[in-house]
Structures are given as C-alpha cells and as structure tokens.
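Here's the structure, in structure tokens; my notes come after.
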Amino acid sequence: MARRKKIYEGKAKTLYEGPEPGTIVQYFKDDATAFNAEKHDVIEGKGVLNNILSEFFMLGLGQIGVPTHFLKRLNMREQLVRSCEIIPLEVIVRNYAAGSLCKRLGLEEGAQLPRPIVEYCYKDDALGDPLVTEEHIAAFGWASQQDMDDILSLALRVNDFMSGVMLAVGIRLVDFKIEIGRIYDGDFQRLVIADEISPDSCRLWDIKTGQKLDKDVFRRDLGSLTDAYTEVARRLGVMPNNPPAPGKPQLVN
Ligand code: UDP
Numbered sequence: 657m658a659r660r661k662k663i664y665e666g667k668a669k670t671l672y673e674g675p676e677p678g679t680i681v682q683y684f685k686d687d688a689t690a691f692n693a694e695k696h697d698v699i700e701g702k703g704v705l706n707n708i709l710s711e712f713f714m715l716g717l718g719q720i721g722v723p724t725h726f727l728k729r730l731n732m733r734e735q736l737v738r739s740c741e742i743i744p745l746e747v748i749v750r751n752y753a754a755g756s757l758c759k760r761l762g763l764e765e766g767a768q769l770p771r772p773i774v775e776y777c778y779k780d781d782a783l784g785d786p787l788v789t790e791e792h793i794a795a796f797g798w799a800s801q802q803d804m805d806d807i808l809s810l811a812l813r814v815n816d817f818m819s820g821v822m823l824a825v826g827i828r829l830v831d832f833k834i835e836i837g838r839i840y841d842g843d844f845q846r847l848v849i850a851d852e853i854s855p856d857s858c859r860l861w862d863i864k865t866g867q868k869l870d871k872d873v874f875r876r877d878l879g880s881l882t883d884a885y886t887e888v889a890r891r892l893g894v895m896p897n898n899p900p901a902p903g904k905p906q907l908v909n
C-alpha cells in the first residue's frame, strides 16, 4: 500500500491526506503536552479514548444540527474529516471559573459564572496563544463580523449540548475550547466545528466529588490520565469494546 502523505503533525494529532479530495485523516496520538509543550509525556491509550470521545460528541452535535467536519471513524486511532481552513482562533467557553480566567481576574476556582463567557485566543504557540478581542480579530481580518456572529452562536450551542450530555452522567462542564473551520462550497463558505472535542480540550469535574476527569490530571500530576478519560467514556457508554454489565441478560441473534 502506498504511504499516505502527511499534511501536518501537531502535539496530539497527525493529519494525513484523505482517500478523496477534500478529506483528511486525523490520527490521534498518545502524546500529552501542557504549558505550551514544556511538559510532555506519552500516555498509552489516550489517543484511542480521544478518537472515540470526539466521534461521540461530533456525531451528537450533527444530530442536533450543529455542523462539524466529522465524516466517520475509520479505526481505533483514526477518523475521516472534511478538510477545512482553520480560523486561527481558539474559541473558549466558560461556565465556571478555572485556569487562566482565575489567574487573570482573581476568581476562586469553581465559582459559577453569571452566564457562559466566550473568549478568543489567537492560535500561535510561539506567542503562547494570547487572548484577543473582536477588535483584533476584525482589524487583522482573521474573521468577519458575520463569521464572529456565527462563531458565537455555534460556541453557545456546543456549550448547551456538551453541558447537557455531561450533566446527564454526573459531570460538570467547567469550560472547553473549540476550533472553527471554513468549508467552501463554490462561492459560498460555511463554518463548522473542526479539530476535536475531548477531555484534552475540556475541563470536566465530577459533580458530587469535584474529581477532575480532564487534562488537568496530567497538567497537575493528579493521577492516571487514562483512568480519568476511561471514566468519562464509561459513563457516556462509549468505551471501546464496552463490556456488557455483569448479570444482564443478553439477546442472541
Ligand atoms: N484549552 C485547550 N487548548 C489550549 C488552551 C486551552 O484545549 O491551548 C482548553 C483548556 O483545556 C480548558 C479551556 O480551554 O478546558 C480554558 O483554558 P484556560 O484558558 O483556562 O487555559 P489553561 O489554564 O488551560 O492554560
């Protein structure tokens, strides 16, 4: 078989040319990085869990009419997605205070925010992904006013969907990051949710105990990251080869 053409290698994923024009294969690696890649480790199984969880969230978003780049999962580590032009912004939605927001505004970690807050960071590792305002985004032409209106409404829809899905399994969605892609259809463009949605890019806390079930486990050395992500996947019923619950009768076809 011919070797696939690598398009891009990021910190947690590698992108390859897809089988059809306009498609890309996303390969989920086991690498974990934090603090702008100053901390790095390989965590066996993380890529498999993120691939399956991201598929679950993207499919769910598609079902409620939020457009995404996701086409299908190919195997345990790869998914086929539509190729798109990534808008160079990290779109962050926050429901509770955590991370950089606490540092910036002196808020107590875990305080509920008066309403969801959407922030934008300019995607540039060398600059440490600085926070930017809509003024910067408009002035530098990263997105138009129409794009910004669409991005805000997409981000809030993703927030409502993800918050509900998580609440149903006893998990609080504290905050998350998404990336937005442009897809061109002739003269028209539309915006879709791109990249991935996984515990790498969300803060997820158990509602009862406050236990962290996201990448903060790695950032802060709080235990096993695979155990945390496995717990999220198990609660959502998307564990790879989800074993049947013991004692339950099984129908045999
Ligand atoms: N986030 C991310 N990638 C980044 C920066 C942030 O996925 O490059 C996610 C992060 O996991 C959290 C949310 O965005 O769920 C808000 O992150 P924050 O600004 O608090 O930054 P951090 O404290 O993680 O540096």
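If you read the sequence shown in my numbering, its first letter stands for residue 657, the second for the next number, and so on. Cβ atoms here follow ideal geometry from the backbone N, Cα and C, with glycine treated the same way.
Collapsed DSSP secondary structure at Ala850 in the structure displayed: strand
Leu745 at chain E interface by Cβ criterion, 8 angstroms: Of the protein chains in this structure there is only one, and it is not chain E.
C-beta atoms of Leu769 and Ile807 nearer than 8 angstroms: no
Alpha helix (DSSP H) segment containing His696, residue limits: His696 -> not in any alpha helix (DSSP H); beta strand (DSSP E) instead, spanning Lys695 to Val698.
Close Cβ partners of Gly784 (< 8 angstroms) along its chain, the five nearest in sequence each way excluded: The answer, listed in chain order, is Asn692.
Any non-hydrogen atom of the ligand UDP within 7 angstroms of Ala754 CB: yes
The ligand UDP heavy atom lying under 7 angstroms from the CB of Ile742: Answer for Ile742: no, Cβ out of range of the ligand UDP.
Contact belief for Glu775 with Ile793 at Cβ below 8 angstroms, rounded distance in angstroms: About 12 angstroms separates the two Cβ atoms, so there is no contact after all.
Chain-order list of residues whose beta-carbon lies under 7 angstroms from that of Arg838 (same chain, five-residue window excluded): The residues are Cys740, Glu741, Ile743, Gln845 and Leu847.
Phe832 - partner residues in DSSP beta bridges: Val749 and Cys858
Under the three-state DSSP convention, the category Lys868 falls into: Of the three classes helix, strand and coil, the one that applies to Lys868 here is strand, per DSSP.
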